[in-house]
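J.: My questions all concern the structure below.
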Amino acid sequence: MLHSILDQATNVKETIPKIECSSLRDQPKVVAERKDHITSFHGRKLSDPYYWLRERENSAVRKLIDSENQYQKEKMKPLKNLQDTIFKEIKDRILQTDESVPYVWKDYLYYTRTEDGKDYKIYCRKALEEGSKEEILIDLNELSKELETDFLELGMYEISPDQKILAFSIDVDGDEFYDLYFKDLTNGKIYSFFISKDENLDTSFEFGNDSRTVVFAVCDEAHRPYRVYRKTLAMNSFVDKLEDCQTISVKEDCELIFEELDERFFVSVCKTLSEEFIFIDTCSNNTCEYHYIRTDDLPKDNLRLFANKKRKEGVEFYISHHTNHFYVWHNDDGYINFRLMRTPVENPDFNNLEEVLPYNPEFYTEDLVCFKDHLALFGRSEGVPKLIILDPHNVNSPKEVEFNEPFYELEPCENYTFDNSRIRIVYSSFITPTTTYEYDMQNHEFNILKQEVVLGDFDPNQYMQRKILVTARDGVKIPIGLVYKKRNNSDTGIELDGNNPLLLYGYGAYGCSLDAYFSHAIFSLLDRGFVYAIAGVRGGSENGRGHYQDGKLLKKKNSFYDFIDCAEYLIKEGWTNPNKLVIEGGSAGGLLIGGVLAFNPELFRAAILEDPFVDVINSLSDPSIPLSVTEYDEWGNPQNEKHFEYMLSYSPYDNMDKEENVEKSYPAILIDHALNDSRVQYWEGLKFVAKLRYFYSTPERTRYFPTPSLILCKTNMKQGHGGASQRYEAYKEIAYRYSFVISQVQQ
């Protein structure tokens, strides 16, 4: 039985079967063979006996994957009823037949809707005239049937300025390579040409103002967007089915207008809200450069370097256009949190930048949305998102928009009309369902357009959310957001007796901030007595750009230390104990969890690593692996000896079996990843598991722990980095992970 606190929270008693590894013989039928493989770095030789697992077409690799999948299915089978229950709980909280808030662009209202029992969105529009009928632009449910695929992801979705053409790209494998198609919206037919995924198409795409000329980015073999092509489309023939389309050869039929040769940089294409300019930005993880062209001139003109500003190592800047000025926020000259400035459109130059707002070192500028008569500045301060409204004609009177909760998520959405005094934003918190607001920038008033429905007996007053600042070992304050169901009338609403099951989530990379967002699914844990927490460790930008920079490259270990310090704080203050504490992270967050386990495995009862980046040295030393070279500015380059030694000291694959961990208890581990993931290769998780299984079987280890900890490795065979594309399958994946979590804390 679970601890009695779960019964108190739910008023329902659940019998949770015990899921564990029973003995050394309790293993998958096929265990990875160890083969000699040596790599050399700076005079050091590293043994990698599981290097061969990258041989995707090797039948032995497929047998190992199948064996691991069968093993995890057998182990999780006793939790089938719990999984089904949680799946139903999630599904029953969500309005299955629903419609998004329509947005106006030119002559139409655009929106999406879902239908009960169907996995995918339906993309629609209606003309603004009263009584207009709905037009279905794309029904992904019908498209998945036509293509006979279990995976379908819409990459790019663009309407031409004359509203007559839809360009859309789709991925049917999960590898994030897309086929690009064009649809005539006047007759509903598909044009007879398309650009195949074999051309390595990216999702970056824009129409020119003539609605016939397009620009788009393609990737190199390492999946790095590096070229931009221009094409004026000949719209004169149609087909009935996508499979009847004839492919365009990008190299032969399209004009190359930009190429980025530096393998650390990737390119993207973006049109300004004013629709006057198209920018091509080429950026690494710490350096930017821009070229641009007037949208009206796209069919014939050449690109220009923006503001005569060639790239400067370590200098990032971003651009937004407003009538006579380009607004620029940059980190040059030590302005770490970005200084907001502007330069004339007719003569843009970094030498004649004019300050818009006095630099505030406590405010991190993240985005600027320029409307005709207002500027909406998004940033961060005091650990939470902020929104400031400016008058471009009188920037001396900024107005900060107030939000009442201590921890929340905020972002702009679907703002497509330049001449508009209202900005649309999406807001949520742990206990406030996702709410779409329209904010009147002139009168400073909110209007709720829609709040997501939560079906059932959901009452936000039954839950409590808190923000806590934890002092890390070097004195830096690390934010933790917590949410849980109230169980008493105390200030905390919960007994801090160390007996609460707690799921702690972390990421800590690329400057991505973890904010409190609403999840229909998490209440299946909260209603069973769990505390859910997110740790804003360094590597993210929760406390500004410095927070990010102090968790990357040669300071990456701060991310792991922060997470460990947060876990130890939660244990010390009575929020939980090591037998009730489960941790989770995905992708770069999987690296975080893997690194934390290498340092302090005894702190946790279980760990979930989704699509985990755990084989740091081997992945970053192989430029043929997608995106490896572009990651050097984030993690380091193994060919640099200083970088190599530092990365080797925390790489989970290279540290899980270190000698000092032989006597430490290990948590149960679930690896949940995908075969077709192009960002984190499937073999990283597979190698990690193989090495752990071997480590658990060594005489040195079994002397202290004769029974291994449970290790499960679930490889999704028809998915990519983002998991299932079908919404009901996505619910099931969450139910699978949550049932694992619940089963572990009761042991």
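Quick note: the sequence shown uses the UniProt record's numbering, first residue 1, plus one each step. Just so you know, even glycine gets a beta-carbon here, dropped at the ideal spot from N, CA and C. Please read these numbers as outputs of a predicted model, since none were measured by experiment.
Apart from the five residues just before and just after R93, which ones in its own chain have a Cβ nearer than 6 Å to its Cβ?
T.: Against the sequence shown, residue 93 aligns to sequence position 93. Cβ within range, chain order: V454, L455, G456, H520.
J.: Using alpha carbons as the reference points, say which of I625, L185, Y226, K231 lies closest to E206.
T.: In the sequence shown, counting from the first residue as 1, residue 206 sits at position 206. Closest option to E206, Cα to Cα, is K231.
J.: What does the alpha-carbon distance come out to for the pair K29 and T698?
T.: Sequence index remark: in the sequence shown, residue 29 carries index 29 (1-based). Sequence index remark: in the sequence shown, residue 698 carries index 698 (1-based). Using only the alpha carbons, I get a separation of about 19 Å.
J.: According to DSSP, is Y51 part of a helix, a strand, or is it coil?
T.: Working through the sequence shown from its first residue, we reach residue 51 at position 51. In this structure, Y51 counts as helix in the three-state DSSP scheme.
J.: Considering only their Cβ atoms, is the gap separating E405 from T434 smaller than 8 Å?
T.: For the purposes of this step, residue 434 is taken as the residue at position 434 of the sequence shown. For the purposes of this step, residue 405 is taken as the residue at position 405 of the sequence shown. No, these two residues do not count as a Cβ contact at 8 Å.
J.: By the three-class DSSP mapping on this structure, what secondary structure does Y123 have?
T.: As a working mapping, residue 123 is identified with position 123 in the sequence shown. The answer is strand: DSSP assigns Y123 an E or B state.
J.: In three-state DSSP terms, what is G636?
T.: The residue you call residue 636 lines up with position 636 of the sequence shown. Looking at G636 - three-state DSSP - the assignment turns out to be coil, as it is neither helix nor strand.
J.: Helix, strand or coil, according to DSSP, for P385 in the structure here?
T.: Mapped onto the sequence shown, residue 385 falls at position 385. In the structure shown, P385 sits in a strand (DSSP, three-state: E or B).
J.: Keeping to the same chain, check which residues put their C-beta closer than 7 Å to that of Y682; ignore five residues upstream and five downstream.
T.: For this step, residue 682 is matched to residue 682 along the sequence shown. Excluding residues within five positions, the ones whose Cβ falls inside 7 Å are H673, A674, L675, T715.
J.: If you count every other CB in all the chains shown that lies within 10 Å of the CB of Y704, and 16 or more means buried, which is it?
T.: Within the sequence shown, the letter at position 704 stands for residue 704. Classification for Y704: exposed.
J.: Could you give the distance in angstroms between the alpha-carbon of S67 and the alpha-carbon of P667?
T.: One-based indexing of the sequence shown puts residue 67 at position 67. One-based indexing of the sequence shown puts residue 667 at position 667. Answer to the nearest angstrom: the Cα atoms are 22 Å apart.
J.: Which term fits S4, buried or exposed, when burial requires 16 or more other beta carbons within 10 angstroms of its beta carbon?
T.: Residue 4 sits at position 4 when you count from the first residue of the sequence shown. At S4, the pLDDT of 41 sits below 50, so the modelled position is not reliable and the matter cannot be decided from this model.
J.: Report yes or no: do the stretch 196 to 215 and the stretch 262 to 276 share at least 3 C-beta pairs separated by less than 8 Å?
T.: They touch, by the three-pair rule.
J.: R113 to G589, Cα distance in whole Å?
T.: One-based indexing of the sequence shown puts residue 113 at position 113. One-based indexing of the sequence shown puts residue 589 at position 589. Roughly 32 Å between the two C-alpha positions.
J.: Let me know the beta strand (DSSP E) ranges lying completely inside the stretch 397 to 426, each 3 residues or longer, listed in chain order.
T.: Taking only runs of at least 3 residues, the beta strand (DSSP E) segments lying wholly in the stretch 397 to 426 are 409 to 412.
J.: Starting from the C-beta of L303, find all residues in its chain whose C-beta is less than 8 Å away, skip the five residues before and the five after it, and write them out in chain order.
T.: Taking the sequence shown and counting its residues from 1, the one referred to as residue 303 is at position 303. Excluding sequence neighbours, L303 sits near I257, F258, I280, H291, Y292, I293.
J.: For L95, count neighbouring C-beta atoms within 10 Å of its own C-beta (all shown protein chains included) and say buried if the count is 16 or more, exposed if not.
T.: By one-based count along the sequence shown, residue 95 stands at place 95. Classification of L95: exposed, given that the 10 Å Cβ count is below 16.
J.: Straight-line CA distance for C512 to S541?
T.: In the sequence shown, counting from the first residue as 1, residue 512 sits at position 512. In the sequence shown, counting from the first residue as 1, residue 541 sits at position 541. Looking at the two C-alpha atoms, the distance is approximately 6 Å.
J.: Would you list the one or two residues that DSSP bridges to T213?
T.: In the sequence shown, the residue the question calls residue 213 occupies position 213. Answer by DSSP bridge pairing, in chain order: T232.
J.: Taking the straight line between their C-alpha atoms, what separation do you get for R701 and E221?
T.: Numbered from its first residue, the sequence shown carries residue 701 at position 701. Numbered from its first residue, the sequence shown carries residue 221 at position 221. Straight-line Cα distance between these residues: approximately 42 Å.
J.: Grab the span of the alpha helix (DSSP H) containing F644 for me, first residue to last.
T.: Here residue 644 is taken as the residue at index 644 of the sequence shown, counted from 1. Here the alpha helix (DSSP H) through F644 covers 641 to 648.
J.: For V104, which three-state DSSP category applies?
T.: On the sequence shown, position 104 is the one that residue 104 refers to. Three-state DSSP puts V104 in a strand.
J.: Answer yes or no: do V614 and G594 have a C-beta to C-beta separation smaller than 8 Å?
T.: Counted from its first residue, the sequence shown places residue 614 at position 614. Counted from its first residue, the sequence shown places residue 594 at position 594. Yes, these two residues count as a Cβ contact at 8 Å.
J.: Kindly indicate the opening and closing residues of the alpha helix (DSSP H) around I272.
T.: In the sequence shown, residue 272 corresponds to position 272, counting from 1. One point to set straight first is that residue 272 is Thr, not Ile, in the sequence displayed. Premise fails: T272 is in no alpha helix (DSSP H) and is neither H nor E.
J.: Whole angstroms is fine: what's the gap from E153's alpha carbon to M76's?
T.: Position 153 of the sequence shown, counted from the start, is the residue given in the question as residue 153. Position 76 of the sequence shown, counted from the start, is the residue given in the question as residue 76. C-alpha separation (whole angstroms): 28 Å.
J.: Excluding the five sequence neighbours on either side, which residues of its own chain have a C-beta within less than 6 Å of the C-beta of K126, listed in chain order?
T.: Residue 126 sits at position 126 when you count from the first residue of the sequence shown. L109, S132, E134.
J.: In whole angstroms, give me the CA-to-CA distance for H325 and T213.
T.: Translated into the one-based positions of the sequence shown, residue 325 becomes position 325. Translated into the one-based positions of the sequence shown, residue 213 becomes position 213. If I take the Cα positions, the gap works out to 26 Å.
J.: Quick check: what's the CA-CA separation for Y111 versus I159?
T.: Mapped onto the sequence shown, residue 111 falls at position 111. Mapped onto the sequence shown, residue 159 falls at position 159. The alpha-carbon atoms of Y111 and I159 are separated by roughly 13 Å.
J.: Is it the case that the Cβ atoms of C288 and L710 are separated by a distance below 8 Å?
T.: For this step, residue 288 is matched to residue 288 along the sequence shown. For this step, residue 710 is matched to residue 710 along the sequence shown. No, Cβ-Cβ distance for C288 and L710 is not below 8 Å.
J.: Which of the three DSSP states is assigned to E129 in this structure?
T.: The count along the sequence shown starts at 1 and reaches residue 129 at position 129. Coil, per DSSP.
J.: To the nearest angstrom, how far is it from the Cα of E74 to the Cα of L82?
T.: On the sequence shown, position 74 is the one that residue 74 refers to. On the sequence shown, position 82 is the one that residue 82 refers to. Taking the straight line joining both Cα atoms gives about 15 Å.
J.: Check whether the Cβ atoms of P479 and G544 lie closer than 8 Å to each other.
T.: What you label residue 479 is simply residue 479 of the sequence shown in a count that begins at 1. What you label residue 544 is simply residue 544 of the sequence shown in a count that begins at 1. No. Outside cutoff.
J.: Which residue spans inside the stretch 539 to 615 form an unbroken beta strand (DSSP E) run of at least 3?
T.: Whole beta strand (DSSP E) segments, 3+ residues: 581 to 586, 606 to 610.
J.: Checking 8 Å against the spacing of the C-beta atoms, do L592 and F560 come in under that value?
T.: As a first step, residue 592 is located in the sequence shown; it is residue number 592 there, counting from the start. As a first step, residue 560 is located in the sequence shown; it is residue number 560 there, counting from the start. Going by C-beta atoms, L592 is nearer than 8 Å to F560.
J.: Does the beta-carbon distance from T492 to R264 come in below 8 Å?
T.: Taking the sequence shown and counting its residues from 1, the one referred to as residue 492 is at position 492. Taking the sequence shown and counting its residues from 1, the one referred to as residue 264 is at position 264. The answer is no: Cβ separation not under 8 Å.
J.: Shortest alpha-carbon distance to F238 belongs to which of A217, F193, P706?
T.: Indexing the sequence shown from 1 puts residue 238 at position 238. Answer by Cα proximity: F193.
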